[in-house]
Ligand code: GDP
Ligand code: IMO
Ligand code: MG
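In the working numbering, the protein residues as written are 12 to 443.
As structure tokens, this is what we get:
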């Protein structure tokens with residue numbers, strides 16, 4: 012059995028956690044391969060509602076192994092909190108949650124710099140989640156990072172911090188004109204995290220490799236959405252993950268080869284949302300936008316920061332583009348039920364940029380910011396879909412909408428989600 016990647020096709024929060032939770036039943040390993048606790052993946056099951064930021068969504072099946080791969084940046088305190096919360100709610104993770112010894116660790120100066128950089132940018136602020144994820148990736152690329160392997164080794168940690176803390180303090184004091192951090196305090200805090208995380212630390216690349224060799228399925232859980240990707244997204248309003256959360260990043264972030272990935276499942280919401288700043292051509296500021304945000308179960312508020320999500324119609328230009336940058340082999344469409352209330356549904360088929368019509372995403376920030384949507388209008392269905400479990404039982408207009416999106420993506424939609432709960436899904440053939 013192969014490795015299968017699940018990626019977000021828009022600006023994040025497409026329902027990846029919910030889809031991975033559904034598909035995990037068939038997997039042996041479920042793994043996160045990039046990003047950090049800027050991600051917030053919601054899962055609702057018989058134990059209640061969970062918002063996972065670092066632990067993979069397969070954790071609710073007691074027989075699954077969950078892996079946090081080398082491509083993830085880890086906030087140690089947050090991971091320990093998440094483990095404690097899961098254990099406290101009856102989900103045992105010991106012996107089946109593994110953390111890569113090569114994953115980078117978010118340090119106190121990363122969270123500080125995240126906040127200070129946003130202030131310095133002023134009007135050009137990215138609207139980050141403020142978790143220190145971007146600065147941690149900057150230091151990873153800048154060869155000034157701290158890895159899990161360092162944190163679990165007292166001597167190595169002290170030696171590394173003896174070099175890094177004065178270096179980072181020079182930056183904090185001279186560039187940001189802020190207070191330095193204290194070497195002893197940081198060393199003690201991170202040594203404690205290291206001791207508590209040690210039982211989970213493993214060579215996760217080896218673990219995943221072995222499972223693939225044995226023919227087991229490995230589900231690779233993407234974070235964020237493709238339009239937030241550093242290389243192909245709406246730069247500079249993107250996230251900083253290296254490797255990328257795109258499907259191609261999964262091989263690097265897991266420490267496996269690209270040929271071991273057999274399928275790429277793109278997750279798309281039936282409309283568009285975005286949190287943070289940056290262009291979003293279909294954003295609505297009217298009553299329809301409010302209906303998309305507030306209508307249906309689980310209103311659109313960030314799972315990590317609680318910020319209201321910007322809402323708008325499905326952007327086919329962006330979706331076609333992200334289907335291409337990921338090379339999706341199939342797709343899942345989520346939150347279709349939220350459109351139940353709409354008298355008519357619009358899809359953005361092209362952008363008008365300074366009077367010119369284009370059906371591709373412009374690279375230039377100014378052009379992207381100026382892009383106005385050109386819409387096609389489709390009929391609504393005005394019937395509840397939350398209880399539907401078979402495609403033929405969806406209202407004909409809803410079936411047409413799903414087929415329309417499928418044509419846009421150029422890949423079969425194999426799953427339609429009509430509610431946040433595990434069973435609120437319609438299968439349209441073989442998923443994985
Ligand atoms: P992720 O980051 O991609 O995992 O997505 P989030 O969990 O941040 O946001 C998705 C939100 O939509 C969560 O509140 C889910 O519970 C909810 N959700 C997922 N699928 C559906 C669906 O089909 N219908 C509705 N109404 N809510 C859904
Ligand atoms: P999931 O996995 C939605 C956004 C932030 C901001 C930008 C940069 O839940 O889909 P960062 O803190 O990463 O430096 O912020 O990226 N962002 C997300 N938006 N869902 C996410 O993850 C996101 N992770 C980052 O809002 O605009
Ligand atoms: Mg989310």
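Glycine residues also receive a C-beta, built at the ideal position from the N, C-alpha and C atoms.
Check, Outcome
"Alpha-carbon to alpha-carbon, residue 245 and residue 10", "Any answer about residue 10 is impossible in this case: the structure gives the chain only from 12 up to 443."
"Cutoff 7 Å; reference residue 280; Cβ partners in own chain excluding five residues on either side", "21, 25, 26, 345, 346"
"Cβ separation of residue 420 and residue 330, assumed to be a contact under 8 Å, to the nearest whole Å", "6 Å"
"Close Cβ partners of residue 406 (< 6 Å) along its chain, the five nearest in sequence each way excluded", "392, 394"
"For residue 381, three-class secondary structure by DSSP", "helix"
"Inter-residue spacing [alpha-carbon to alpha-carbon] between residue 187 and residue 132", "12 Å"
"Closer than 7 Å: residue 324 CB and nearest the ligand IMO heavy atom", "no"
"Residue 296 classed as buried or exposed, judged by whether at least 16 other C-beta atoms fall within 10 angstroms", "exposed"
"Three-state class that DSSP yields for residue 367 in the structure shown", "strand"
"Residue of 105, 126, 157, 388 minimising C-alpha distance to residue 463", "Only positions 12 to 443 of the chain appear in this structure, which leaves residue 463 out of reach."
"Spatial distance of residue 275 from residue 354 (CA atoms)", "33 Å"
"Buried versus exposed, by CB contacts within 10 Å (16 or more), residue 196", "exposed"
"Closer than 7 Å: residue 25 CB and nearest the ligand PLP heavy atom", "Judged by which ligands are present, the ligand PLP is missing from the structure shown, whose ligands are the ligand GDP, the ligand IMO and the ligand MG."
"With 16 other Cβ atoms within 10 Å as the buried cut-off, status of residue 325", "buried"
"Whole-angstrom C-beta distance between residue 218 and residue 109, which should lie under 8 Å", "6 Å"
"Reference residue 435; option with closest CA among 308, 237, 135, 64", "308"
"Any non-hydrogen atom of the ligand GDP within 7 Å of residue 202 CB", "no"
"Among 106, 112, 357, 236, the one whose alpha carbon lies nearest that of residue 212", "112"
"Alpha carbon of residue 151 to alpha carbon of residue 302, nearest angstrom", "41 Å"
"Three or more C-beta pairs below 8 Å linking the segment 166 to 176 and the segment 68 to 75", "no"
"Short Cβ contact (8 Å threshold) for residue 311 with residue 284", "yes"
"Euclidean distance between Cα positions of residue 183 and residue 201", "19 Å"
"Beta-carbon contacts of residue 286 that lie in its chain and below 6 Å, excluding the five residues immediately before and after", "313, 318, 320"
"Distance between residue 162 and residue 30 (C-alpha atoms, nearest Å)", "33 Å"
"Residue 42 to residue 230 span [Cα, whole Å]", "6 Å"
"Under 8 Å between C-beta atoms of residue 143 and residue 164", "no"
"Closest Cα partner of residue 306 within the set 386, 253, 350, 408", "350"
"Closer than 7 Å: residue 44 CB and nearest the ligand IMO heavy atom", "no"
"Short Cβ contact (8 Å threshold) for residue 260 with residue 44", "yes"
"Distance CB(residue 239)-CB(residue 90) smaller than 8 Å", "no"
"Residue 137 Cβ short of 7 Å to the ligand IMO heavy atom set", "yes"
"The ligand GDP heavy atom lying under 7 Å from the CB of residue 399", "no"
"Pick from 118, 243, 174, 96 that is closest to residue 5, judged by C-alpha positions", "Residue coverage of the chain in this structure runs from 12 to 443, which leaves residue 5 outside it and unanswerable."
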